[in-house]
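Heads up: the sequence shown begins at 44 in the working numbering, then just goes up one per residue. In this text, a Cβ means the ideal position worked out from N, Cα and C, and glycines have one as well. Okay, structure first, notes after.
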Amino acid sequence: MTTKQLPNDFLWGGAVAAHQVEGAYNVDGKGLSVADVMTSAGTHDERKITKGIDPNYFYPNHNAVDFYHQYPEDIKLLAEMGFKCFRTSIAWSRIFPNGDDQEPNEAGLKFYDKLFDECLKYNIEPVVTLSHFEMPYHLVTEYGGFRNRKVIDFFTKFAETVFKRYRDKVKYWLTFNEINNQINYDRAFTLFTNSGIKIKPGENPEKVMYQAGHYEVVASAIAVQIGHKINPDFEIGAMVAMSPVYPATDKPEDILKAQRAMQARYWFSDVQVEGKYPSWLVNYQDAKGFDLDITEKDLQELAAGTVDYLGFSYYMSFATAASPNEDEYYSYNETNDLVTNSYVPQSDWGWQVDPKGLRYALNWLNDRYHLPLFIVENGIGAIDQLTNDHKIHDQYRIKYLQDHIEQMKLAMLNDGVKVMGYTPWSAIDIVSASTGQLSKRYGFIYVDENDDGSGSLARYKKDSFYWYQHVIETNGADLSKTVGENDEASQSN
Ligand code: P53
Numbered sequence: 044m045t046t047k048q049l050p051n052d053f054l055w056g057g058a059v060a061a062h063q064v065e066g067a068y069n070v071d072g073k074g075l076s077v078a079d080v081m082t083s084a085g086t087h088d089e090r091k092i093t094k095g096i097d098p099n100y101f102y103p104n105h106n107a108v109d110f111y112h113q114y115p116e117d118i119k120l121l122a123e124m125g126f127k128c129f130r131t132s133i134a135w136s137r138i139f140p141n142g143d144d145q146e147p148n149e150a151g152l153k154f155y156d157k158l159f160d161e162c163l164k165y166n167i168e169p170v171v172t173l174s175h176f177e178m179p180y181h182l183v184t185e186y187g188g189f190r191n192r193k194v195i196d197f198f199t200k201f202a203e204t205v206f207k208r209y210r211d212k213v214k215y216w217l218t219f220n221e222i223n224n225q226i227n228y229d230r231a232f233t234l235f236t237n238s239g240i241k242i243k244p245g246e247n248p249e250k251v252m253y254q255a256g257h258y259e260v261v262a263s264a265i266a267v268q269i270g271h272k273i274n275p276d277f278e279i280g281a282m283v284a285m286s287p288v289y290p291a292t293d294k295p296e297d298i299l300k301a302q303r304a305m306q307a308r309y310w311f312s313d314v315q316v317e318g319k320y321p322s323w324l325v326n327y328q329d330a331k332g333f334d335l336d337i338t339e340k341d342l343q344e345l346a347a348g349t350v351d352y353l354g355f356s357y358y359m360s361f362a363t364a365a366s367p368n369e370d371e372y373y374s375y376n377e378t379n380d381l382v383t384n385s386y387v388p389q390s391d392w393g394w395q396v397d398p399k400g401l402r403y404a405l406n407w408l409n410d411r412y413h414l415p416l417f418i419v420e421n422g423i424g425a426i427d428q429l430t431n432d433h434k435i436h437d438q439y440r441i442k443y444l445q446d447h448i449e450q451m452k453l454a455m456l457n458d459g460v461k462v463m464g465y466t467p468w469s470a471i472d473i474v475s476a477s478t479g480q481l482s483k484r485y486g487f488i489y490v491d492e493n494d495d496g497s498g499s500l501a502r503y504k505k506d507s508f509y510w511y512q513h514v515i516e517t518n519g520a521d522l523s524k525t526v527g528e529n530d531e532a533s534q535s536n
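See the structure below:
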C-alpha cells in the first residue's frame with residue numbers, strides 16, 4: 044500500500060440538488076419544474092408524471108426536506124463535518140419561473156446569494172449544477188422541452204444570468220446533471236427529467252433522445268463560452284452518470300456489445316470534452332436515417348465550448364451481453380441489454396455495488412479524456428433506523444463509502460489519476476430522484492420525514508457523519524474510525 048497522501052486542496056464535501064432538498068416549490072415567485080409534477084413511487088415502481096398538479100396525488104418535491112428555510116442550520120452541520128465544498132443546483136424555475144420570462148425573478152436570485160454567502164462564511168466552496176432534473180414545467184408544455192431548439196436560448200440566458208450574479212461567489216460549475224441518463228430512452232423518467240420530454244405516439248424515442256441530446260450539448264458549449272467571458276477563472280464541467288458497462292463474458296460479441304454500450308453512454312461527454320462528435324455516432328445516426336437538426340454553426344459552438352473538467356456520479360456498474368441476433372451496429376438499448384453481474388452484490392434497490400468499478404471508471408475516464416475528474420456523486424440508498432435516543436447506526440453506508448474512497452485513492456495515488464474532489468450523495472437526506480421516496484436515504488444527516496411527507500423534519504447526525512468528519516480531518520488518510528453504539532462520539536452527542 045502506498046504512503047502517498049491526497050493533495051492538500053482536495054475538495055471533500057457532499058452533494059444535493061435543489062429540487063430534492065429545498066421544497067418551497069411555490070414560494071417567492073418560483074414556477075413549477077418537472078420535479079413538481081412527479082409523484083412518489085414504491086421501491087420498484089416508476090414515478091408517475093402527471094399533467095400539471097393533480098390534487099389526487101402527493102408530490103414529495105413540493106416540500107422536500109425544507110432546505111429552503113432550514114439551510115443556515117444545515118450548512119452549519121456541513122461545516123461541522125469539515126466540508127471544503129458543497130454541491131447543489133440552482134432551481135432554474137426560481138430564476139425564470141416560466142423559463143421564457145424576459146426578466147429574472149429577483150427573489151429567487153436573492154435566495155442563492157444568501158445560500159452561497161452562508162457556505163462561504165465557513166470557507167465552503169459552492170459547486171453548482173445549472174440543470175439538475177428541474178427544468179421549468181412551462182418549457183415542457185409550451186415548447187416540448189429540449190426537443191425544441193428554442194430551449195437552447197432559454198437555457199443559455201439562465202446560465203448567463205446566474206454566471207453574472209454569482210461571478211464572485213461560485214467558481215465551480217456543472218452544466219447538465221447526468222446528461223447521459225437519457226441514453227435509456229425507453230424509460231419515461233429519464234427523458235422527462237433530463238430534457239422535459241414526453242414521447243408522443245408514433246415517435247422514435249431514440250431519435251428524439253439524440254436530437255435533445257444534441258441541443259443540450261450545444262447549450263452546454265454556449266454556456267461554457269459565456270461563463271469563461273464573464274469570469275476566466277470559472278471551472279465549468281460536464282457531468283455524466285458513470286456506470287461502466289462490462290462485457291458479460293470474454294466472447295468477442297459481448298466485448299463489442301460492451302464497447303458500443305460505453306460509446307453510446309459516453310458520446311455526450313465525448314462531445315463536451317473533445318468538441319466534436321465521435322465517428323461511430325455520425326455513421327450510426329446516418330444509418331438509422333435520423334436526419335437530425337445539426338447545423339454547421341452548432342458544430343462550431345461545440346468546438347469552441349469544451350469543458351474544463353469532467354464531473355461524474357458513480358453508484359454502480361452494469362454488464363451486457365450480445366444477443367444471438369445482434370445487428371451490425373450492436374445497437375444499445377439500455378432497457379433491454381443489461382444483464383446481472385453475479386460477481387457483485389446489489390443494494391436494496393437492485394443497484395450493483397462495485398467499489399473496484401470506481402477505480403476502473405477513473406482510469407477509463409482519465410485514459411479517454413485527459414482532464415481533471417471530479418466525483419460529484421457516490422453513495423448508497425438504504426433504509427435507516429432511527430433509535431429511541433436519535434442515533435442512526437449506518438454501518439452499511441460507512442462501509443460503502445470506505446470501500447469506494449479506498450479505490451479512489453488507489454486510482455489517484457497508484458495510477459496517477461487527477462481527481463479534484465469527492466462529494467458523496469448526499470450531504471443530507473433527500474427525496475430520491477427515481478422513486479420520490481424519503482426512505483431511500485443517502486445522507487450523513489438524517490431528516491425525520493416519511494415517504495408521505497409526515498414527520499418533524501428534525502435533523503440528526505448519523506454515525507457516518509462522525510466517520511466522514513474524521514476522513515476529512517485526516518485528508519482521507521484514515522478511513523477506519525469506528526463509530527457505533529459504544530464509542531465516544533455517539534455517547535456525547
Ligand atoms: P436515486 C440513475 C442512475 C444513477 C444515478 O438516485 C441517478 C439515476 C436517476 O435516478 O441519479 C443520480 O435518488 C442523480 C441524483 C439522484 C441520485 O443519483 O434515484 O443525479 O439526483 O438522487 C441517486 O436513488
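For residue i, which residues from the same chain have a beta carbon less than 7 Å from its beta carbon, with the 5 sequence-adjacent residues on both sides left out?
i      : result
ARG308 : ASN223, ILE226, VAL288
GLY72  : PRO140, ASN148, ALA150, GLY151
TRP323 : GLN306
ILE133 : ALA61, TYR155, VAL171, LEU173, VAL205
Is residue i near ligand 1, with its Cβ less than 6 Å from a heavy atom?
i      : result
TYR357 : no
SER477 : yes
GLY424 : yes
ASN104 : no
ALA404 : no
ALA284 : yes
GLU177 : no
GLU249 : no
ASN212 : Contrary to the premise, residue 212 reads as Lys rather than Asn in this sequence. Checking the Cβ of LYS212 against ligand 1 gives no.
ALA470 : no
LYS483 : yes
GLU221 : yes
ALA13  : Any question about residue 13 goes unanswered here, given that the chain covers just 44 to 536.
Using the Cα positions of residue i and residue j, report the straight-line distance between them to the nearest angstrom.
i      : j      : result
TYR412 : ALA304 : 17 Å
ASP521 : ASP313 : 35 Å
PRO467 : MET282 : 14 Å
GLY318 : GLY256 : 14 Å
THR172 : ARG502 : 25 Å
PRO290 : ALA346 : 32 Å
GLY354 : VAL70  : 31 Å
ILE118 : PHE126 : 9 Å
TYR100 : GLY245 : 29 Å
VAL64  : TYR114 : 10 Å
LEU456 : ILE448 : 12 Å
PHE333 : ASN51  : 49 Å
GLU146 : TYR373 : 47 Å
VAL316 : PRO98  : 44 Å
TRP392 : ILE273 : 43 Å
GLY464 : TYR215 : 11 Å
THR338 : ARG208 : 31 Å
GLY280 : THR349 : 9 Å
GLU420 : PHE110 : 19 Å
LYS94  : VAL77  : 10 Å
PRO103 : ASP494 : 8 Å
THR525 : VAL514 : 11 Å
ALA301 : GLY400 : 15 Å
Mind checking who residue i pairs with in its DSSP beta bridge?
i      : result
TRP216 : VAL171, ILE279
TYR289 : ALA362
ARG130 : ALA58, VAL170
ARG502 : VAL490
VAL484 : Residue identity differs from the one stated: residue 484 is Arg in this sequence, not Val. Looking at the DSSP assignment, ARG484 forms a beta bridge with ALA425.
LEU522 : Answer by DSSP bridge pairing: none, since LEU522 is not bridged.
MET81  : ILE92
PRO140 : BP columns for PRO140 are empty, so no partner.
ASN464 : Note that residue 464 corresponds to Gly in the displayed sequence, not to Asn. Paired residues: LEU54.
LEU381 : THR363
Can you tell which of the options has the C-alpha that lies nearest to the C-alpha of residue i?
i      : options                        : result
ARG440 : ASP472, LYS452, ALA454, SER507 : SER507
ASP370 : ASP380, PHE361, VAL267         : ASP380
ALA470 : ALA61, ALA301, LYS331          : ALA61
LYS294 : ALA365, THR349, GLU259         : ALA365
ASP472 : TRP407, VAL462, ILE488, ASP397 : ILE488
VAL460 : LEU405, GLY486, ILE269         : LEU405
VAL396 : ASN376, THR184, GLU249, GLY422 : GLY422
Within a Cβ cutoff of 6 Å, which residues of the same chain sit near residue i, ignoring the five residues on either side of it in sequence?
i      : result
GLN534 : Caution is warranted here: a pLDDT of 46 is assigned to GLN534, below 50, making its placement in the model unreliable, and no coordinate value can be reported.
ASN74  : Checking the sequence, you will find Gly at residue 74 rather than Asn. If we look at GLY74 and ignore the five residues flanking it on each side, its Cβ neighbours are SER136, PRO140, ASN141, PRO179.
ASN518 : LEU49
What residues in its chain sit with their C-beta under 8 Å from that of residue i, if we drop five residues either side in the sequence?
i      : result
ARG90  : MET81, THR82, SER83, ALA84, PHE232, SER477, THR478, GLY479
ASP341 : HIS257, VAL261
Using a Cβ-Cβ distance cut-off of 7 Å, determine whether residue i contacts chain E.
i      : result
ASN104 : Of the protein chains in the structure, only one exists, and it is not chain E.
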